Each structure stands twice: as structure tokens, then as C-alpha cells.
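Its first residue numbered 158, the sequence shown is counted upward by one per residue in the working numbering.
Step one of this worksheet: look at the structure below.
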Amino acid sequence: MELIKGRPANEADRLDKEIRVYDLLDQLGMEYYRTDHEPATTMEVCNDIDKILGTLICKNLFLCNRQKTQFYLLMMPGDKVFKTKDLSQQINSARLSFADEEYMKEYLDITPGSVSIMGLMNDTDNHVQLLIDKEVLEEASLGCHPCINTSSLKLKTSEVMDKFLPAVHHEAIIVELPRYENI
158 MELIKGRPAN EADRLDKEIR VYDLLDQLGM EYYRTDHEPA TTMEVCNDID KILGTLICKN
218 LFLCNRQKTQ FYLLMMPGDK VFKTKDLSQQ INSARLSFAD EEYMKEYLDI TPGSVSIMGL
278 MNDTDNHVQL LIDKEVLEEA SLGCHPCINT SSLKLKTSEV MDKFLPAVHH EAIIVELPRY
338 ENI
């Protein structure tokens, strides 16, 4: 794995949704670095990717309320433990759970394992509320997938907040999730 600035040179074997991410980032004038890798399905692969990117890849969780009427994309540090009760209290939504794959595909055009803030570009009707753990914003950069888990991006956190989110018509709610000792 190596770190490459910008989009792939050969895009013929890339999915359209991945190319659309690069098109948008380029259109917005955002600087980004990319690494290609095996599907990021284990923590070992993610740890290797983090080393290449020089930043932590965010853990991205696609959640919903019990009635499946409110959907949330939570970005948090990948090394942080998530407990629904900590988030439910902050957003006044009882009984949060992981949303079904069908909603992930319908609203974000993403499949499990590839959940990313970049999917918000596909949520033109704003079905999904972005939630960002405060710790993510304390870092100069963040890592995420370009809607597919065989590539990872390193983006400037400030550009994600100031350029990307306004362009995709989403606002973030900042939450503070506690850091638990590893159990």
C-alpha cells in the first residue's frame, strides 16, 4: 500500500460511486490523499491503512430510531467504544439501533463495510442526519472510504466541514461520546 495524492490514474475498474466522490472532491478544490487496499473488513487491515494515511480512519455507524423514521450517520474515532445509550441521550432518540442495509443503499448508495461521510453526497433529500464525535474535529485530518472499502482517503477535517458538507447540503450535530477503558 502506498499513499497517492488525488484520484486514481486508471478509473476503468472503479465503481461509478467511487468516481463520483473524486469528481466532487476535485470540483470543490479539496486536497486529498488515497491508498488502495484489500477490503477493510478487519481491524488489522484498518490499522495498516491508518499507518499509511497517517491518520485514524473514522468509525462510521449507520443508525436509526426504533420506528425507522430517523436515520443517523455517526462519525467517531475508530478506537472508541460505542454505546447507544450515550448517544441516545444527546440526540433525544430512544432505542437507537443499526439501520438495515436497504436504507444504507437507498439513502447513501453504500453497502455494509463501506459506510462513509462521502455517502452523504447521495442523500439529496436529507434523510440522514450527520453526527460527529467532538474528538474527530480535534484532528487536522480524517480518514474515510470513497463509498467503497477497497480505497481510503485522507482529508483535511476543516475542508470536510467548510467545503464538503455545505456542498452536499448537510450539517453536523456535534456529540461527545465518552471514552471507555478497554474491556
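In this text, a Cβ means the ideal position worked out from N, Cα and C, and glycines have one as well.
Just so we're clear, the structure is a prediction, and the values are computed from it rather than from any experiment.
Rounded to whole angstroms, the Cβ separation of Cys304 and Ser250 is 26 angstroms, and the two are not in contact under 8 angstroms.
DSSP places Leu182 in the uninterrupted alpha helix (DSSP H) bounded by 173-184. Separation of Glu201 and Leu172 (C-alpha to C-alpha, rounded to the nearest whole angstrom) is 25 angstroms. Ser273 sits in coil when the DSSP states are folded into three classes, being neither helix nor strand. In the pairwise beta carbon analysis, the stretch 159-173 is classified as not touching the stretch 278-294: fewer than three pairs are separated by under 8 angstroms.
The beta-bridge partner set that DSSP reports for Met233 consists of Lys216.
In this structure the stretch 182-197 does not touch the stretch 257-265; the number of beta carbon pairs closer than 8 angstroms is below three.
In this structure the stretch 318-330 does not touch the stretch 213-222; the number of beta carbon pairs closer than 8 angstroms is below three. Exclusion of the five residues before and after Thr212 leaves Glu296, Ser298, Leu299, Gly300, Lys311 as the residues of its chain whose Cβ lies within less than 7 angstroms of its Cβ. DSSP places Ile209 within a helical segment (H, G or I) once states are collapsed to three. Inside the stretch 271-310, DSSP marks whole alpha helix (DSSP H) runs of 4 or more residues at positions 291-294, from first to last along the chain. Contact annotation, Met233 with Leu322: C-beta distance approximately 17 angstroms; criterion of less than 8 angstroms not satisfied. The three-state reading of DSSP puts Ile330 in strand, counting E and B together. Contact between Thr307 and Pro165 is absent: CB atoms are separated by about 11 angstroms, not below the 8 angstroms threshold. In this structure, the alpha-carbon of Lys237 lies about 34 angstroms from that of Glu168.
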